[in-house]
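Chains as they are written, first to last, in this note's numbering: chain A, 3 to 267; chain B, -3 to 295.
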Amino acid sequence: MNNISISRILKLIKFEFLMHRKYYLTILIGALVLVSVVILIAWMQTRHLLTGWQQKHYQVVYFVYFLAVIIFIVGQGFKDLVTKASSERYLLLPASHIEKLIAQILTKFSVALIAMPFVFWFGVLLARLIGFSLMNNILSTKNFEKIEYLRFESLWILTEGEHWSFNAFFIGSVFFLFSFMILGSQYFGKWNFVYTPLIKILFVLITVLSCRALLSFYTKNNTNINELEVFDGVPLFVFVLIILLFLGSFLSYFISYHKLKEREV
Amino acid sequence: MLVSYYTMTVKQRDMISVKKLSFSYPKKPWLCEEMDLELSEGKIIGLLGLNGAGKSTLMRLMAGLLKPVSGEVSFEGGATFDRSIPFLNQMIFVPEKVSVPEFLKVKEYSSVYQDFYSGFDLDRFEKLLSEFQIIGNQRVSNLSYGQQKKLQIAIGLSTGAKLLLFDEPTNGLDIPSKSTFRRVLSGSLQEDQTMVISTHQVKDIENLVDQIIVLDEGKVKLHADLEELENQFVFSQGPQAPDQAVFVESHLLGAQYIVKQPYGERNSGGSPDLELLFNAVIAGKLAGEFLSTQNQATS
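1. Tell me the residue span of the beta strand (DSSP E) that contains Gln252 of chain B.
2. Under 8 Å, Cβ to Cβ, is there at least one residue of chain A near Asn85 of chain B?
3. Under the DSSP definition of a beta bridge, which residues are partnered with Val244 of chain B?
4. Mind listing the chain A neighbours of Ile81 of chain B? Cutoff is C-beta to C-beta under 9 Å, in chain order.
5. What did DSSP end up calling Ser112 of chain A once you bin it into helix, strand or coil?
6. Using the DSSP secondary-structure output, state which residues sit across from Lys101 of chain B in a beta bridge.
7. Please name the residue, chosen from B:Arg178, B:Lys146, B:Leu100, B:Pro165, that lies closest to Glu18 of chain A on a Cα-to-Cα basis.
8. Do you know offhand how far Lys16 of chain B's Cα is from Glu29 of chain B's?
9. Measure the alpha-carbon distance for Val210 of chain A versus Val216 of chain B and round it to whole angstroms.
10. Could you check whether Met55 of chain B and Asp163 of chain B sit closer than 8 Å to each other, using their CB atoms as the reference points?
11. Select from the region 90 to 101 of chain B all residues with a C-beta closer than 9 Å to any C-beta belonging to chain A, and list them in chain order.
12. Are Val255 of chain B and Ala241 of chain B closer than 8 Å when you measure CB to CB?
13. Do the CB positions of Leu218 of chain B and Val210 of chain B come within less than 8 Å of each other?
14. Using the C-alpha atoms, what's the distance from Asn133 of chain B back to Lys103 of chain B?
15. For Val180 of chain B, would you say it is in contact with chain A, using Cβ-to-Cβ distances shorter than 8 Å as the test?
16. Give the list of continuous alpha helix (DSSP H) stretches no shorter than 4 residues that lie fully inside the region 47 to 111 of chain A.
17. I want to know whether the region 119 to 126 of chain A touches the region 80 to 89 of chain A - three or more CB-CB distances under 8 Å.
18. Enumerate in chain order the residues of its own chain whose CB-to-CB distance from Tyr92 of chain A is below 7 Å, with the five nearest sequence positions on each side excluded.
19. Counting pairs of Cβ atoms below 8 Å between the region 142 to 153 of chain B and the region 115 to 126 of chain B, do you hit three or more?
20. Taking Cβ-Cβ distances below 8 Å as the criterion, which residues of the region 152 to 169 of chain B are in contact with chain A?
21. Taking Val84 of chain A as the query, report the chain B residues whose CB atoms sit under 8 Å from its CB, ordered along the chain.
22. Smallest Cα separation from Val176 of chain A: which of A:Glu164, A:Leu246, A:Leu217, A:Tyr151?
23. Take the Cβ of Gln252 of chain B as the centre, count every other Cβ of all protein chains shown within 10 Å, and call the residue buried at 16 or more, exposed below.
24. Between the alpha carbons of Tyr151 of chain A and His59 of chain A, how many angstroms are there, rounded?
25. Any contact of the region 63 to 78 of chain B with the region 227 to 238 of chain B, i.e. 3+ C-beta pairs under 8 Å?
26. Which runs of the beta strand (DSSP E) at least 3 residues long sit entirely within the region 136 to 187 of chain B? Give them in chain order.
27. Which same chain residues, not among the five before or five after His260 of chain A, have their C-beta less than 7 Å away from its C-beta?
28. Should Phe177 of chain B and Ile131 of chain B be called a contact, given that it needs their Cβ atoms to be closer than 8 Å?
29. Looking at Phe243 of chain B and Lys281 of chain B, is the spacing between their C-beta atoms short of 8 Å?
30. Establish whether the CB of Lys24 of chain A and some CB of chain B are separated by less than 8 Å.
31. Take the Cβ of Asn227 of chain B as the centre, count every other Cβ of all protein chains shown within 10 Å, and call the residue buried at 16 or more, exposed below.
32. Quick check: is the beta carbon of Ala129 of chain A nearer than 8 Å to any beta carbon in chain B?
33. Which residues, in order along the region 112 to 123 of chain B, keep a beta-carbon less than 7 Å from a beta-carbon of chain A?
34. Against chain B, with Cβ distances strictly below 8 Å, would Ala87 of chain A count as a contact?
35. Quick one: does Leu93 of chain A have its CB under 8 Å from some CB of chain D?
36. For Asp269 of chain B, I'd like the list of residues in its chain whose CB is within less than 6 Å of its CB, leaving aside the five on either flank, ordered along the chain.
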């Protein structure tokens, strides 16, 4: 496509960080502080001081953190389309609609998948620094030594040895969540963090309930939904979901592109 | 000795073409229906009309911010609403209400336009900043509304765009700034550039524009080159208006009036009084197209 220029996409990314640098600085610093506080509070729970805090505990906190990143950061896409004045400026920037969409996707992906994991890691380091230097002296406890040091690679949820369908399902889910939140930002603006997650929950409920309904309609016995396998170890239900997730992801971007193209101010 | 004469007809290139344009906002009355308009290059065009006549809407349609319900608005053959890169690179729209992120410095904000507009002239921009008395290292938050508007105008004039759309550019400017604006504009435009200024402050664009469009009730009531109007009409004032006056308005010293030039005569009544002209059009006394489409050359 001759409408795509890497240099214009980079300029659009520069524009995004220039116009919204206060927002990005606030979320980076805010996330850092929040993670430190939450981790410290979690460590202060007596049971953790007694039994220790391991990598798997970090992963649980990180999972919740990652969901929050998707909702509150990825979901704030196209911030320039929120007000009339900024919309005029953004839509009339000499760049194509596809470049503007790609720039938004790259910006959100880079913040969510590159910057924010580091922020989490630094937040944990900060909590460890505060915990070890201050709390040990204040509380005179040596139990902080039972807190494991966070290995950055443990934040990567996909591990070797997992079934390919698990990895595909996880990657598809992340892609779909990202794309749907970006699409949602064009419809719901600043209220995207409320409406789009609600729609997603509704979508999951409808998908699961309709599968069960179809299954009970077509089978005489109460067959477990996981017993129908299309590949070895891959239930039909999961396989269909994987396809839907990737398709949904592509469709979300497709609709997003057309929504941007037809945007009027 | 053989002397030959020829007449050369030169029609200036149409930059913006509006064909059978109809537009309305959702659930609102039609703002224009089946409107036709051609804007040629190299002109400063004043777009006049009463409040709610559709001036800003037409500007937005030309800028590609609104989609026609039917008909088309095109720039050099391409629909403006497509917002193609060649069109956006050749067009700058300065809206009535400017909104510049206040935490940015002037130079940071202008760097956005420098990045995207390939024809951006930095020297010209700095000269304009100096004329408007704006310092490049200032934060936008330290600028008044009028200064922010001047900043946006300076950026608009520096992009090198062929089509400049200014919506109510003098709103919010003090009197000296309006003079600076007129002076800067009259010295800034290149031959292949077209500027459309939408305003209801007719006095602000007098002696600046060379073409006038008057919108009323969703239609183009008047589209005229001021030079052509000067050729065909006399705008004057006196104790009494002549009987054949096309339009008369009472005045402190008697009457202001518009009279059609008798055929073959050319009495210079001075530049058209835009306010009088506008009132005449709104009153339905003057309408139509008065465009200079022929140049004559002899050799």
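Here a beta-carbon is modelled for each residue, glycine too, at the ideal position from N, C-alpha and C.
Taking the coordinates as given:
1. 250 to 256
2. Yes, contact with chain A.
3. B:Tyr253
4. Asn5, Ser7, Arg10, Pro96, Ala97, Ser98, Glu101
5. helix
6. B:Arg135
7. Here the closest residue by C-alpha is B:Leu100.
8. 7 Å
9. 59 Å
10. yes
11. Pro91, Lys93, Val94, Ser95, Val96, Pro97, Phe99, Leu100
12. Yes, the Cβ-Cβ distance between Val255 of chain B and Ala241 of chain B is below 8 Å.
13. yes
14. 6 Å
15. no
16. 48 to 53, 57 to 74, 86 to 93
17. no
18. Answer for Tyr92 of chain A: Asp82, Leu83, listed in chain order.
19. yes
20. none
21. Result: empty, since nearest Cβ-Cβ is about 12 Å, beyond 8 Å.
22. A:Leu246
23. buried
24. A straight line joining the alpha-carbon of Tyr151 of chain A with that of His59 of chain A spans about 11 Å.
25. no
26. 159 to 163
27. none
28. no
29. yes
30. yes
31. exposed
32. no
33. Phe112, Tyr113
34. yes
35. The chain labelled as chain D is not found among the protein chains of the depicted structure, namely A and B.
36. Phe231
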